[in-house]
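Just so we're aligned: 356 in full-length UniProt numbering is position 356 of the sequence shown, and the numbers increase by one with no gaps anywhere.
Note that beta-carbon positions come from the ideal geometry of N, C-alpha and C, so glycine has one too.
Small disclaimer: the values here were computed from a predicted structure and weren't measured.
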Amino acid sequence: MKVLDFFLLAARQVSRKRMRACLTIIGIAVGIAAVIGTVSLGEGIRAQAVSAIEAQSDLTLLEVTAGQQGGVVQFVTPSRAQAVAGIPGVVATAPILRDAFASERQTYLAVMGVDAAPFDAVVSPSYAQGRAPQPGTNEVVLGADLAESLRRYEGVRVGDPMTVLVREYADTGSPEDRRVTLLPVGVLAERGDALDTTLVCDLSYLEGVRDRSGTYDGVLVRTATSADVFPVVAEVKALGLGVEGSFEEIDAVNRLMDLVILVLAFFAAVSLVVGALMIMTTMVTSVYERRHEIGIAMAVGASPREVLALVLMECATIGLVGGIVGDVLGLAFAGVIETVGKPLLVAALGEGFAGLAGSQITLVTPPLLLLGVGAAVALSVLSGLYPGLLAARQDPVEAIRSRR
Numbered sequence: 001m002k003v004l005d006f007f008l009l010a011a012r013q014v015s016r017k018r019m020r021a022c023l024t025i026i027g028i029a030v031g032i033a034a035v036i037g038t039v040s041l042g043e044g045i046r047a048q049a050v051s052a053i054e055a056q057s058d059l060t061l062l063e064v065t066a067g068q069q070g071g072v073v074q075f076v077t078p079s080r081a082q083a084v085a086g087i088p089g090v091v092a093t094a095p096i097l098r099d100a101f102a103s104e105r106q107t108y109l110a111v112m113g114v115d116a117a118p119f120d121a122v123v124s125p126s127y128a129q130g131r132a133p134q135p136g137t138n139e140v141v142l143g144a145d146l147a148e149s150l151r152r153y154e155g156v157r158v159g160d161p162m163t164v165l166v167r168e169y170a171d172t173g174s175p176e177d178r179r180v181t182l183l184p185v186g187v188l189a190e191r192g193d194a195l196d197t198t199l200v201c202d203l204s205y206l207e208g209v210r211d212r213s214g215t216y217d218g219v220l221v222r223t224a225t226s227a228d229v230f231p232v233v234a235e236v237k238a239l240g241l242g243v244e245g246s247f248e249e250i251d252a253v254n255r256l257m258d259l260v261i262l263v264l265a266f267f268a269a270v271s272l273v274v275g276a277l278m279i280m281t282t283m284v285t286s287v288y289e290r291r292h293e294i295g296i297a298m299a300v301g302a303s304p305r306e307v308l309a310l311v312l313m314e315c316a317t318i319g320l321v322g323g324i325v326g327d328v329l330g331l332a333f334a335g336v337i338e339t340v341g342k343p344l345l346v347a348a349l350g351e352g353f354a355g356l357a358g359s360q361i362t363l364v365t366p367p368l369l370l371l372g373v374g375a376a377v378a379l380s381v382l383s384g385l386y387p388g389l390l391a392a393r394q395d396p397v398e399a400i401r402s403r404r
């Protein structure tokens, strides 16, 4: 028999017991709807969290740092910095040095040494006041928050030289503070990231202050699009280097939501198990009721494999219809969550989450709907294995003698 013949015969058998088939289909549909509804809620919350991170952070800006490979520390050397620049998806890089100074009043100063041109290409800084530092000079640019703090508490303004303390350690291990004069020539516009609290100076000047060269503390990286971030991160890690950025927050959100969705789907899937048991019960009953018919079919040439295939096709038909109905109910369930559940959720979370009221907290995607139908069919076929084997192993003579 052809597959189409099996399907038509299975559909005819299912339609003979419409009420029983409908109840079984509803059992499967409710389970699929519960899974789709709960998973869509988890995916919607995930999408909102990721969108919030992307809105508040520069996702395409990464910082490559030293890492480990084979138990050996991999420093950021000029050759490795060039290798990072050659990774597909990277559009600009800027090697950096990091340090820490202190003001005369012991204000902590996070210091970053950069080359102006690469830094501009990667960060595209805008200046609230002044300009960028000249190469090889003691000129510096202050982050917005740092500039305000120094102005308010230490009277430091753009154009006024400032003295900072550079801590060094003598051969005996005792700390010594060396005074260095810096000239603030600009203030960065507020960015909402670590640069707001950073003092930016020329890279070669910082190398001279610390008497160091040959390695960097990191490389700032700009990717072409947010879609390039994770492939670039994978390539950087393959070089044995570390990498930091806003993607870590998204990665953490994804791991958390994967766990939440798994738990929600697990509890929702309990109803699917009930639906599977309903299919098994229905098909076992159907096989006993049709023993006479099955015996005649086997007597005239139907093989046990064909009998098994017919029962499984009936189960697949029930699962297919149940999956489609479940998708429709799942969409309706997601709609109920949006219209009824969202206001209750916002009220329970408080004013801090009022922004959720204007956003979508459920997300139903085509792959999720296809997965729902596929799961319904697969579970139905598995549930039909026992009844199918029961039918296929019948003795045709005994089956023909039986009565319904």
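1) For R80 and Q68, what's the separation of their Cα atoms in angstroms?
2) Give me the Cα-Cα distance between S124 and V274, rounded to the nearest whole angstrom.
3) Out of curiosity, what's the CA-to-CA distance linking A21 and T339?
4) Of all the alpha helix (DSSP H) runs that stay within the bounds of the region 284-341, which reach a length of 4 or more residues?
5) Looking at I294 and residue 409, is the spacing between their C-beta atoms short of 8 angstroms?
6) Comparing C-alpha positions only, which one of A121, L142, G341 sits nearest to R131?
7) In this structure, how does DSSP classify P387 when only helix, strand and coil are distinguished?
8) What does a CB cutoff of less than 8 angstroms around V76 pick up in its chain, not counting 5 residues either side in sequence?
9) Work out the CA separation of L363 and R404 for me, nearest whole Å.
10) Could you check what DSSP says for V123 in three-state terms: helix, strand or coil?
11) So which of R291, A144, G71 has the shortest CA-CA distance to V192?
12) What separation, rounded to the nearest whole angstrom, lies between the Cα atoms of S103 and S149?
13) Rounding to the nearest angstrom, what Cα-Cα distance links E207 and D99 in this structure?
14) Between C315 and the rest of its own chain, which residues show a CB-CB distance below 7 angstroms, the 5 nearest in sequence each way excluded?
15) Would you mind reading off the limits of the beta strand (DSSP E) that contains V200?
16) Starting from the Cα of A265, find the closest Cα among P184, F119, G330, T223 and give me that residue.
17) Taking all protein chains shown into account, do 16 or more other C-beta atoms lie within 10 angstroms of the C-beta of L109, making it buried, or fewer, making it exposed?
18) Shortest alpha-carbon distance to L256 belongs to which of E398, A378, A49, M19?
19) Let me make sure I understand the geometry here. Which of V397, V325, T317 has the alpha-carbon closest to that of residue 407?
20) CA-CA distance, V35 and G374?
21) Give me the Cα-Cα distance between P175 and L183, rounded to the nearest whole angstrom.
22) Compute the distance between the beta-carbons of L312 and G388, then report whether it is under 8 angstroms.
23) Quick one: grab the DSSP three-state call for R404.
24) How many Å lie between V90 and S226 at the Cα?
25) At the level of alpha carbons, what is the spacing between V84 and G27?
26) Helix, strand or coil for E104? Go by DSSP, reduced to three states.
27) When we look at the beta-carbon of V336 and count the other beta-carbons within 10 Å, is it buried (16 or more) or exposed?
28) Return the CA-CA distance between A378 and G37, expressed in angstroms with no decimal places.
29) Check D145 in the structure and name its three-state DSSP category.
30) Count the other CB atoms, across all protein chains shown, that sit within 10 Å of the CB of S40; report buried if there are 16 or more and exposed otherwise.
31) Tell me where the alpha helix (DSSP H) around T223 begins and ends.
Let me lay it out:
1) For the purposes of this step, residue 80 is taken as the residue at position 80 of the sequence shown. For the purposes of this step, residue 68 is taken as the residue at position 68 of the sequence shown. Rounded to the nearest whole angstrom, the CA to CA distance from R80 to Q68 is 13 angstroms.
2) As a working note, residue 124 is residue 124 in the sequence shown. As a working note, residue 274 is residue 274 in the sequence shown. Computed Cα separation, rounded: 58 angstroms.
3) The residue given as residue 21 occupies position 21 in the sequence shown. The residue given as residue 339 occupies position 339 in the sequence shown. Rounded to the nearest angstrom, the two C-alpha atoms are 32 angstroms apart.
4) Entirely contained in the region 284-341, the alpha helix (DSSP H) runs reaching 4 residues are, in chain order, 291-299, 304-336.
5) The chain is shown from 1 up to 404; residue 409 falls before or after that span and cannot be answered.
6) Within the sequence shown, residue 131 is the residue found at index 131, counting from 1. That would be L142, whose Cα lies nearest to the Cα of R131.
7) The count along the sequence shown starts at 1 and reaches residue 387 at position 387. For P387, the secondary structure class from DSSP, reduced to helix, strand or coil, is helix.
8) Looking up residue 76 in the sequence shown gives position 76. The residues V64, T65, A66, P95, T215, Y216, D217, G218, V219, L241, in chain order, have a CB closer than 8 angstroms to that of V76 in the same chain once the five nearest residues on each side in sequence are set aside.
9) What you label residue 404 is simply residue 404 of the sequence shown in a count that begins at 1. What you label residue 363 is simply residue 363 of the sequence shown in a count that begins at 1. Model confidence at R404 stands at a pLDDT of 48, short of 50, so the residue's coordinates are unreliable; what they give is reported in the following sentence. Between R404 and L363, the alpha-carbon positions lie close to 49 angstroms from each other.
10) Counting from one through the sequence shown, the residue named residue 123 turns up at place 123. Correct three-state label for V123: helix.
11) Within the sequence shown, residue 192 is the residue found at index 192, counting from 1. As written in the sequence, residue 192 is Gly, which differs from the Val given in the question. Per the Cα distances, A144.
12) Your numbering for residue 103 matches position 103 in the sequence shown. Your numbering for residue 149 matches position 149 in the sequence shown. Looking at the backbone, the Cα of S103 and that of S149 are separated by about 11 angstroms.
13) One-based indexing of the sequence shown puts residue 207 at position 207. One-based indexing of the sequence shown puts residue 99 at position 99. Straight-line spacing of the CA atoms in E207 and D99 works out to 10 angstroms.
14) As a working note, residue 315 is residue 315 in the sequence shown. Sequence-distant Cβ neighbours of C315 in its own chain, meaning closer than 7 angstroms and more than five residues away, are I279, M283, S380, V381, S383, G384.
15) Taking the first residue of the sequence shown as 1, we reach residue 200 at position 200. Membership of V200 in the beta strand (DSSP E) is indicated by the continuous run 198-202.
16) Here residue 265 refers to the residue found at position 265 when the sequence shown is read from its first residue. Of the listed residues, the one whose Cα sits closest to A265 is G330.
17) For the purposes of this step, residue 109 is identified with residue 109 of the sequence shown, where counting begins at 1. Around the C-beta of L109, 16 or more other C-beta atoms lie within 10 Å, and the residue is accordingly described as buried.
18) Numbered from 1 along the sequence shown, position 256 holds the residue referred to as residue 256. Closest by alpha carbon: A49.
19) With the chain represented from 1 up to 404, any question about residue 407 goes unanswered, as that position is not in the structure.
20) In the sequence shown, residue 35 corresponds to position 35, counting from 1. In the sequence shown, residue 374 corresponds to position 374, counting from 1. Take the alpha-carbon of V35 and the one of G374: they are about 13 angstroms apart.
21) If you number the sequence shown from 1, residue 175 lands on position 175. If you number the sequence shown from 1, residue 183 lands on position 183. Rounded to the nearest whole angstrom, the C-alpha separation of P175 and L183 is 25 angstroms.
22) On the sequence shown, residue 312 is found 312 positions in, with the first residue counted as 1. On the sequence shown, residue 388 is found 388 positions in, with the first residue counted as 1. Less than 8 angstroms separates the beta-carbon of L312 from that of G388.
23) Taking the first residue of the sequence shown as position 1, residue 404 is located at position 404. Per-residue confidence for R404 stands at a pLDDT of 48, beneath the threshold of 50, marking its modelled position as unreliable; the derived number appears in the next sentence. Residue state, collapsed to three classes: coil.
24) Position 90 of the sequence shown, counting from 1, holds the residue named residue 90. Position 226 of the sequence shown, counting from 1, holds the residue named residue 226. Taken atom to atom, the span from the alpha-carbon of V90 to that of S226 is near 11 angstroms.
25) Here residue 84 refers to the residue found at position 84 when the sequence shown is read from its first residue. Here residue 27 refers to the residue found at position 27 when the sequence shown is read from its first residue. So the two alpha carbons sit approximately 55 angstroms from each other.
26) The residue labelled residue 104 in the question sits at position 104 within the sequence shown. When secondary structure is reduced to three states using DSSP, E104 falls in the coil class, being assigned neither helix nor strand.
27) Within the sequence shown, residue 336 is the residue found at index 336, counting from 1. So V336 ends up on the exposed side.
28) Along the sequence shown, one-based indexing puts residue 378 at 378. Along the sequence shown, one-based indexing puts residue 37 at 37. Looking at the two C-alpha atoms, the distance is approximately 20 angstroms.
29) Against the sequence shown, residue 145 aligns to sequence position 145. The three-state reading of DSSP puts D145 in helix, counting H, G and I together.
30) In the sequence shown, counting from the first residue as 1, residue 40 sits at position 40. With 16 or more other Cβ atoms inside 10 Å of its own Cβ, S40 counts as buried.
31) In the sequence shown, the residue the question calls residue 223 occupies position 223. If you look at T223, you'll find it isn't in any alpha helix (DSSP H); it sits in the beta strand (DSSP E) that goes 218-223.
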